[in-house]
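The structure under discussion appears below in the form of structure tokens.
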Amino acid sequence: MHVYLTGASGFVGSYVLRELVARGHTARCLLRDKRAPLAVDTDAVERVRGDVTDPKSLTGTMRGCDAVIHLVGIIEEHPSKGITFEAIHHQGTRHVVDEARDSGIERFVQMSANGARPDGVSAYQTSKWKAEEYVRAAGFARATIFRPAVIFGDPGPDHPEFCKQLATDLIKPFPILPVFGDGSYRLQPISVEEVAAAFVQALTNDRAAGQTYCAAGPEALPYTEVLDIITRALGLEPRPKLPQPIWLVRPVVHTL
7 MHVYLTGASG FVGSYVLREL VARGHTARCL LRDKRAPLAV DTDAVERVRG DVTDPKSLTG
67 TMRGCDAVIH LVGIIEEHPS KGITFEAIHH QGTRHVVDEA RDSGIERFVQ MSANGARPDG
127 VSAYQTSKWK AEEYVRAAGF ARATIFRPAV IFGDPGPDHP EFCKQLATDL IKPFPILPVF
187 GDGSYRLQPI SVEEVAAAFV QALTNDRAAG QTYCAAGPEA LPYTEVLDII TRALGLEPRP
247 KLPQPIWLVR PVVHTL
């Protein structure tokens, strides 16, 4: 299968690209910069230039593809640069979906997020929900939506990742770790390899058509325990925790 992949140069995208090629598929990667490094650079991988925020740049780029895997997303807004959750998640998805329909694509796999809902407490959650709704209404013969929980794995030197950001922004700088609330709320982290495998398997699994899946790992861990696991992995002893109001720990909230 020839698969059109957005977000191929990102953390999750690099693993999805590897999984596609390992399973015998070929990929056409949408890149804002065609020179961007990719996890796989063989004859099985093709590059096209485009930007999900610019629908004209997508015109014709899906021609000859059998399926689309749409991964592009952000965890932080930069409104002065036009980088907002609405622009990237909702409008960007609309542009990709519209081009896919115009190109006769029948298989579409969408990366959403845990917590996506119409009455979300953040613009992030709401924008992901609106993107989901547009995919569902598009009329693809086989559309699948995934809502991953916190994703962990080796990000390499260039990509943000949950454990890496907690280590850099919280654990290493502070001898006492601020947590919002009492830290007992649970996370269910999932490995990036499992997420990538699920996306690629959905292309050919008939049971995945029309489904929306929550993708989470096997264990639900208290946030404080997650911090201790990462701390030990750094070769450090677990730190005392200090409950704080949410605004004091805002630098790491976006990783959750």
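Take the position in the sequence shown, starting the count at 1, then add 6; the result is the number in our numbering.
Built from N, CA and C at the ideal position, the CB exists for glycine as well.
A quick note: this is a predicted structure, and the numbers were derived from the prediction, not measured.
Measuring alpha carbon to alpha carbon, tell me which residue in Cys-220, Val-103, Leu-233 and Pro-244 is nearest Arg-123. Here the question's residue 123 lines up with position 117 in the sequence shown. If we check each option's Cα against that of Arg-123, Cys-220 comes out closest.
Rounded separation between Glu-25 and Ala-203 - CA only: If you number the sequence shown from 1, residue 25 lands on position 19. If you number the sequence shown from 1, residue 203 lands on position 197. Glu-25 and Ala-203 have their C-alpha atoms spaced approximately 6 Å apart.
Bounding residues of the alpha helix (DSSP H) (the contiguous stretch that carries Val-141): Within the sequence shown, residue 141 is the residue found at index 135, counting from 1. First-last of the alpha helix (DSSP H) with Val-141: 129-143.
Nonlocal neighbours in the same chain, by C-beta distance under 8 Å from Arg-213, ignoring five residues either side: Counted from its first residue, the sequence shown places residue 213 at position 207. There are no such residues.
For Ile-182, count the other beta carbons within 10 Å of its own beta carbon; 16 or more makes it buried, fewer makes it exposed. Which is it? Position 176 of the sequence shown, counted from the first residue, corresponds to residue 182. With a 10 Å radius around the Cβ and a threshold of 16 neighbouring Cβ atoms, Ile-182 comes out exposed.
Could I get the ranges of all uninterrupted beta strand (DSSP E) runs contained in the region 52-88, with 3 residues as the minimum, in chain order? Taking 3 residues as the minimum length, the beta strand (DSSP E) runs contained wholly in the region 52-88 are 73-76, in order along the chain.
For Phe-168, does the three-state DSSP call read helix, strand or coil? Working through the sequence shown from its first residue, we reach residue 168 at position 162. Here Phe-168 sits in helix by DSSP.
If you drop the 5 nearest sequence neighbours on each side, which residues of the same chain put their C-beta closer than 6 Å to that of Pro-61? Stepping through the sequence shown from its first residue, residue 61 is reached at position 55. Cβ within range, chain order: His-101.
I'd like the span of the beta strand (DSSP E) that includes Ile-235, first residue to last. For the purposes of this step, residue 235 is taken as the residue at position 229 of the sequence shown. Looking at the DSSP string, Ile-235 is not in any beta strand (DSSP E); the run it does join, the alpha helix (DSSP H), is 229-239.
DSSP has His-8 in a bridge; who is on the other side? Translated into the one-based positions of the sequence shown, residue 8 becomes position 2. The partner list for His-8 (beta bridge, DSSP) reads Thr-32.
What residue does the alpha helix (DSSP H) around Thr-102 start on, and which one ends it? For the purposes of this step, residue 102 is taken as residue 96 along the sequence shown, with counting starting at 1. Before going on, a small fix: residue 102 reads as Val here, not Thr. Looking at the DSSP string, the run of the alpha helix (DSSP H) that includes Val-102 is 98-108.
What is the rounded straight-line gap between the Cα of Ala-129 and the Cα of Trp-135? As a first step, residue 129 must be located in the sequence shown, where it is residue number 123. As a first step, residue 135 must be located in the sequence shown, where it is residue number 129. Rounded to whole angstroms, the gap between the alpha carbons of Ala-129 and Trp-135 is 10 Å.
Use the C-beta contact count for Asp-47: other C-beta atoms within 10 angstroms, 16 or more gives buried, fewer gives exposed. For the purposes of this step, residue 47 is taken as the residue at position 41 of the sequence shown. Per the 10 Å Cβ criterion, exposed.
Let me make sure I understand the geometry here. Which of Phe-152, Pro-43 and Gly-13 has the alpha-carbon closest to that of Lys-98? In the sequence shown, the residue the question calls residue 98 occupies position 92. In the sequence as presented, Lys is not what sits at residue 98; that position holds Gly. Each of Phe-152, Pro-43 and Gly-13 was checked against the Cα of Gly-98, and the nearest Cα belongs to Gly-13.
From Ile-80 to Pro-195, what does the alpha carbon distance come to, in whole angstroms? Within the sequence shown, residue 80 is the residue found at index 74, counting from 1. Within the sequence shown, residue 195 is the residue found at index 189, counting from 1. Their backbone Cα atoms lie some 18 Å apart in a straight line.
Measure the alpha-carbon distance for Arg-113 versus Asp-72 and round it to whole angstroms. On the sequence shown, residue 113 is found 107 positions in, with the first residue counted as 1. On the sequence shown, residue 72 is found 66 positions in, with the first residue counted as 1. Going by the C-alpha atoms only, they are around 7 Å apart.
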